[in-house]
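Input: a single structure, listed below in structure tokens.
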Amino acid sequence: MRDVARKAGVSIATVSRVINFPGDVPAKTAEIVNTAMRYLNYRPNINGRRLKMTQTRTVGVLVPTLANPVFATSVQGIEQEANAEGLTVLLTSSSYDPDREMGAVSALLNNRVDGLILTLADADNNPVVDLLLAEKIPFVLLFNQPARSDIAAISVDNAQSAFDITNAMIAKGHRSLAMVAGRFESSDRSRQRYDGFCRALRDAGIKTPHLVQVGFGETDLKAYLRDLLCGLDAVTGLVCSTDMLAIAAIDACRSYGLSVPDDVSVGGIDGISVGGLITPKLCSAVQPTQEMGRQALAFLRGLIKGQANPQSLLLPHHLSDGESIGSFRRRSST
Numbered sequence: 001m002r003d004v005a006r007k008a009g010v011s012i013a014t015v016s017r018v019i020n021f022p023g024d025v026p027a028k029t030a031e032i033v034n035t036a037m038r039y040l041n042y043r044p045n046i047n048g049r050r051l052k053m054t055q056t057r058t059v060g061v062l063v064p065t066l067a068n069p070v071f072a073t074s075v076q077g078i079e080q081e082a083n084a085e086g087l088t089v090l091l092t093s094s095s096y097d098p099d100r101e102m103g104a105v106s107a108l109l110n111n112r113v114d115g116l117i118l119t120l121a122d123a124d125n126n127p128v129v130d131l132l133l134a135e136k137i138p139f140v141l142l143f144n145q146p147a148r149s150d151i152a153a154i155s156v157d158n159a160q161s162a163f164d165i166t167n168a169m170i171a172k173g174h175r176s177l178a179m180v181a182g183r184f185e186s187s188d189r190s191r192q193r194y195d196g197f198c199r200a201l202r203d204a205g206i207k208t209p210h211l212v213q214v215g216f217g218e219t220d221l222k223a224y225l226r227d228l229l230c231g232l233d234a235v236t237g238l239v240c241s242t243d244m245l246a247i248a249a250i251d252a253c254r255s256y257g258l259s260v261p262d263d264v265s266v267g268g269i270d271g272i273s274v275g276g277l278i279t280p281k282l283c284s285a286v287q288p289t290q291e292m293g294r295q296a297l298a299f300l301r302g303l304i305k306g307q308a309n310p311q312s313l314l315l316p317h318h319l320s321d322g323e324s325i326g327s328f329r330r331r332s333s334t
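What the sequence shown shows, in UniProt numbering, is residues 1 to 334, in sequence order.
Structure (structure tokens):
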């Protein structure tokens, strides 16, 4: 800490405030200190600081966004369980930006949370996970499916969800399918769902999967989908890695004069409630997101109390009774 203070030209007390109470330090000063810490590869001993304090009965939650109802519903489940246990929830988001995850987690730890529930961009290659394991901070991953078995995690089977919704289209006679996926670097769930999509095609003897990657916040997919929806080689089915992207895909189909599901079938993954309110009603692989949130907090409480073996669980999903997937019908090019 002395080296950081010398490099930044501030007092040791200022460095301490930047680490422990960043909101109390002017932004310019905090940036100078943080720059010095990065330059010197200095990392505070988080576990050491935790040993000096009693439990706060506060848990931190990091999700990619609250704009997608799937995360809002899971947070609702976390808060319901927390309220029943007399716990406080501190919530932040990463905006699907992997570079923001460490800062968000550091801010939660600086607020002295007892443990964390996290949805990360990539659970298997993530400095946040490395830090929390090294410092023995209790945490549970939500929606992520890490390959390693020593991390607590709650999810559905992402690949199987996509496999099932893709098979629903194949069973209706569709052979020309594309996946509309959120960018893989922002979500390992998206990459796993693409793997499930490809597996369904391979099993059906379909050799040329089409893939379009878009930002998770995209609502206008017309330009992205023009080549897939128009022309002689147009696809007849779109499997989307989230329901929000599926709803945007239906809008894009209509903008090109295409009917869903008569001309193009569209399926999603998540099972958000708004999917049942649109026309046609969205067919989706439904996740029990509220229960996932409750279960994540239950697992976290066990870790906070000293449980030695992290638990992982895949909850079941099911296909909704949607109307957005129909039987294959040959159509003229548009």
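By construction, the Cβ of each residue, glycine as well, lies at the ideal position given by its N, Cα and C atoms. Predicted model only: the values in this text are computed from it and were never measured.
Report back the beta-carbon spacing between G267 and M169 to the nearest angstrom; my notes put them in contact at under 8 Å.
-> By 1-based counting over the sequence shown, the position of residue 267 is 267. By 1-based counting over the sequence shown, the position of residue 169 is 169. Correct: roughly 6 Å between the Cβ atoms.
Closest residue to L133 among S149, F143 and D227 (Cα-Cα distance) = Stepping through the sequence shown from its first residue, residue 133 is reached at position 133. Per the Cα distances, S149.
Out of I151, P146, Q145 and A147, point me to the one whose CA is closest to P139's CA.
-> Counting from one through the sequence shown, the residue named residue 139 turns up at place 139. The residue asked about is misnamed: residue 139 is Phe in this sequence, not Pro. For F139, the nearest C-alpha among the options comes from I151.
Going by the CB atoms, is the gap between A123 and Q145 shorter than 9 Å?
-> Position 145 of the sequence shown, counting from 1, holds the residue named residue 145. Position 123 of the sequence shown, counting from 1, holds the residue named residue 123. Yes; because the gap between Cβ atoms is below 9 Å, this pair is in contact.
S190 to L315 span [Cα, whole Å] = As a first step, residue 190 is located in the sequence shown; it is residue number 190 there, counting from the start. As a first step, residue 315 is located in the sequence shown; it is residue number 315 there, counting from the start. Rounded to whole angstroms, S190 to L315 spans 18 Å at the Cα level.
Beta-carbon contacts of Y224 that lie in its chain and below 6 Å, excluding the five residues immediately before and after = Within the sequence shown, the letter at position 224 stands for residue 224. V212 and V214, listed in sequence order.
Work out the CA separation of T35 and T58 for me, nearest whole Å.
-> Position 58 of the sequence shown, counted from the start, is the residue given in the question as residue 58. Position 35 of the sequence shown, counted from the start, is the residue given in the question as residue 35. Spanning the two alpha carbons is a distance of roughly 29 Å.
At a cut of 8 Å, does the region 76-92 reach the region 290-297 through at least three beta carbon pairs?
-> yes
In angstroms with no decimal places, state the Cα-to-Cα distance between V89 and R112.
-> Here residue 89 is taken as the residue at index 89 of the sequence shown, counted from 1. Here residue 112 is taken as the residue at index 112 of the sequence shown, counted from 1. If I take the Cα positions, the gap works out to 12 Å.
Could you tell me whether the Cβ atoms of T65 and S106 are closer together than 9 Å?
-> Sequence index remark: in the sequence shown, residue 65 carries index 65 (1-based). Sequence index remark: in the sequence shown, residue 106 carries index 106 (1-based). Their beta carbons are not under 9 Å apart, which means T65 does not touch S106 by this criterion.
Note down the Cα distance separating A27 from V10, rounded to an integer number of angstroms.
-> Walking along the sequence shown from the start, residue 27 turns up at place 27. Walking along the sequence shown from the start, residue 10 turns up at place 10. Those two C-alpha atoms are separated by around 14 Å.
Are S176 and T236 close, meaning C-beta to C-beta below 9 Å?
-> As a first step, residue 176 must be located in the sequence shown, where it is residue number 176. As a first step, residue 236 must be located in the sequence shown, where it is residue number 236. Yes. Within cutoff.
Reduced DSSP secondary structure (H/G/I, E/B, other) of V264 = Locating residue 264 in the sequence shown gives position 264, where the first residue counts as 1. Residue state, collapsed to three classes: coil.
Measuring CB to CB, does D251 end up less than 9 Å from C283?
-> Here residue 251 is taken as the residue at index 251 of the sequence shown, counted from 1. Here residue 283 is taken as the residue at index 283 of the sequence shown, counted from 1. No. Outside cutoff.
Own chain partners of V70 with C-beta closer than 6 Å, once the 5 adjacent residues on each side are dropped | The sequence position of residue 70 within the sequence shown is 70, counting from 1. For V70, where only same-chain residues beyond five positions count, the Cβ hits under 6 Å are D270, I272 and T289.
Select from V4, D243 and P261 the residue whose C-alpha is nearest the C-alpha of residue 337.
-> Lying before the first or after the last residue shown, residue 337 is absent from the chain, which here runs from 1 to 334.
Identify, in the order they occur along the chain, each residue of the same chain with its Cβ nearer than 8 Å to the Cβ of Q311, setting aside the five sequence neighbours on each side.
-> The residue you call residue 311 lines up with position 311 of the sequence shown. Around Q311: A152, F299 and G302.
Given a cut-off of 9 Å, decide if L91 and V129 are closer than it, judged by their beta-carbon atoms.
-> Counting from 1 along the sequence shown, the entry for residue 129 is found at position 129. Counting from 1 along the sequence shown, the entry for residue 91 is found at position 91. Not closer than 9 Å, so no.
Under the assumption that A178 contacts L245 (Cβ atoms under 8 Å), give the Cβ distance between them as a whole number of angstroms.
-> In the sequence shown, the residue the question calls residue 178 occupies position 178. In the sequence shown, the residue the question calls residue 245 occupies position 245. About 12 Å; that fails the 8 Å criterion.
How would you write the range of the beta strand (DSSP E) that V180 sits in, first residue to last?
-> In the sequence shown, the residue the question calls residue 180 occupies position 180. First-last of the beta strand (DSSP E) with V180: L177 to G182.
Straight-line CA distance for G257 to V286?
-> As a working note, residue 257 is residue 257 in the sequence shown. As a working note, residue 286 is residue 286 in the sequence shown. So the two alpha carbons sit approximately 29 Å from each other.
Under a three-way DSSP split, which group does I19 fall into?
-> Against the sequence shown, residue 19 aligns to sequence position 19. It is helical.
Cβ-Cβ separation, I206 to L319 (assumed contact under 8 Å), whole Å | Position 319 of the sequence shown, counted from the first residue, corresponds to residue 319. Position 206 of the sequence shown, counted from the first residue, corresponds to residue 206. Not confirmed; about 20 Å, so no contact.
Any heavy atom of the ligand ZN closer than 8 Å to the CB of A36?
-> The model depicted lacks the ligand ZN and carries no ligand whatsoever.
Residues in its own chain within less than 6 Å of M37 by CB, not counting five upstream and five downstream?
-> Here residue 37 refers to the residue found at position 37 when the sequence shown is read from its first residue. Around M37: V4.
Cβ atoms of N167 and Q192: under 9 Å apart, would you say?
-> By one-based count along the sequence shown, residue 192 stands at place 192. By one-based count along the sequence shown, residue 167 stands at place 167. Taking 9 Å as the Cβ cut-off, Q192 and N167 do not qualify as a contacting pair.
Three-state class that DSSP yields for D270 in the structure shown = Along the sequence shown, read from residue 1 onward, the residue named residue 270 stands at position 270. Strand at D270.
Put G115 into one of helix, strand or coil per three-state DSSP.
-> As a first step, residue 115 is located in the sequence shown; it is residue number 115 there, counting from the start. Strand, per DSSP.
Within 9 Å, strictly: CB atoms of F143 and M292 | Locating residue 143 in the sequence shown gives position 143, where the first residue counts as 1. Locating residue 292 in the sequence shown gives position 292, where the first residue counts as 1. Closer than 9 Å, so yes.
Only counting runs of 3 or more residues, tell me where the beta strand (DSSP E) segments fall wholly within the region 275-331, in order along the chain.
-> 283-286 and 312-314
Between the Cα of V63 and those of A84, H210, R100 and T119, spot the shortest distance and give me the residue it belongs to.
-> In the sequence shown, counting from the first residue as 1, residue 63 sits at position 63. It is T119.
Taking N125 as the reference, give the member of Q55, S187, I278 and G86 with the closest Cα.
-> Counted from its first residue, the sequence shown places residue 125 at position 125. Nearest option by C-alpha distance: S187.
For the putative contact between D233 and R329, defined by C-beta atoms under 8 Å, what is the C-beta separation to the nearest angstrom?
-> Translated into positions along the sequence shown, residue 233 becomes position 233. Translated into positions along the sequence shown, residue 329 becomes position 329. With a Cβ gap of about 16 Å, D233 and R329 do not count as contacting.
Would a C-beta distance cut-off of 9 Å place V260 and P280 closer than the cut-off?
-> Mapped onto the sequence shown, residue 260 falls at position 260. Mapped onto the sequence shown, residue 280 falls at position 280. Yes, these two residues count as a Cβ contact at 9 Å.
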